[in-house]
Structure formats: C-alpha cells, structure tokens
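Contents: one structure, followed by commentary.
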C-alpha cells in the first residue's frame, strides 16, 4: 500500500511539474512595456478585460493557452493585461497619469474582451473586439501585421 501511495504522489508531482513548465504568454504591465518599447521597439497587444467578463475568462482559458497563440504573441508583440475597472493601479503615459480604468476609457474600449493593437511608438492602430478562437485570433493578428506598414 505504501508503494502505491508513493507512486501516486510521485505521479502527481511529475504532472504538477510538467504543467508548471508549460509555455505561456509573457504578460507585462503597461509601465514595463513603455520601458521595453523604448529599449527595443515592438508592436503591443493590450488585452482589455474585466473580472466579471465570462468571455474574457474563456479567452484566458482557451485562446491564451494555445501553443500557436503563445508563440505568435510572444514573438511579435509585447503583451499587456489591462483591467478596465481598476482605478487603483496608476502609471504615467505620454506625460499624463492614468489608472488602468482611465486608460481603457482613453482607448475608447466599450466592450470586453477587447484587444488594442499599438505600434512601437505606442499609438493605437486598431481594436479587435470580442472573444476569438485560437486560429481566428492568430490569423487576425497576422493579417493586421501584414497590412501594417512598420
């Protein structure tokens, strides 16, 4: 019996360890991306979400865990999570102070989830509103980058 319990414990540990090693999108704060873009210009993907948004949670669970999405986003964008209802977290952007909530309003986000694409100079290019399956999300991002004149 001790051997069986030991084996089960070991299998659970191995499963936990392999799960922890799973790739994920490199999410940054808005402040981090301001610094990163200044040092190494790159497009920015801002995931504007709320805690109560079911479709936002589904994006996190289904789309943002897909290996193709992870690879494409990490290779082509700095990714930011922005809580559209957070009034407490403040940062400076282009000489003004914003909360995550006021930044979402400034970006004219009215529905969730919503994805703001910014160029390397941190200017908004477009919005991609609504839940998207992994393949659709990657193809929308690819199409946008192909049509964007860097």
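Numbering (mature numbering (1 follows the signal peptide of the UniProt record, and there is no 0)), first residue to last: -20 to -1, 1 to 130.
Glycine is no exception: its CB is placed at the ideal position from the N, C-alpha and C atoms.
Opposing strand residues paired with residue i [DSSP bridges]
| i | result |
| --- | --- |
| residue 73 | 76 |
| residue 62 | 28 |
Residue i - DSSP class collapsed to helix/strand/coil
| i | result |
| --- | --- |
| residue 96 | strand |
| residue 39 | helix |
| residue 23 | strand |
| residue 44 | coil |
For residue i, the first and last residue of its enclosing beta strand (DSSP E)
| i | result |
| --- | --- |
| residue 104 | 104 to 109 |
| residue 50 | No beta strand (DSSP E) contains residue 50, which is instead part of the alpha helix (DSSP H) from 47 to 56. |
C-beta atoms of residue i and residue j nearer than 9 Å
| i | j | result |
| --- | --- | --- |
| residue 118 | residue 28 | no |
| residue 88 | residue 43 | no |
| residue 5 | residue 73 | no |
| residue 92 | residue 33 | yes |
| residue 58 | residue 22 | yes |
| residue 64 | residue 80 | yes |
| residue 124 | residue 106 | yes |
| residue 62 | residue 10 | yes |
Limits of the alpha helix (DSSP H) - the one that residue i falls within
| i | result |
| --- | --- |
| residue 13 | 10 to 19 |
| residue 122 | 114 to 127 |
Chain B contact for residue i (CB, 9 Å cutoff)
| i | result |
| --- | --- |
| residue 36 | Absent from the structure is chain B; it holds one protein chain and no more. |
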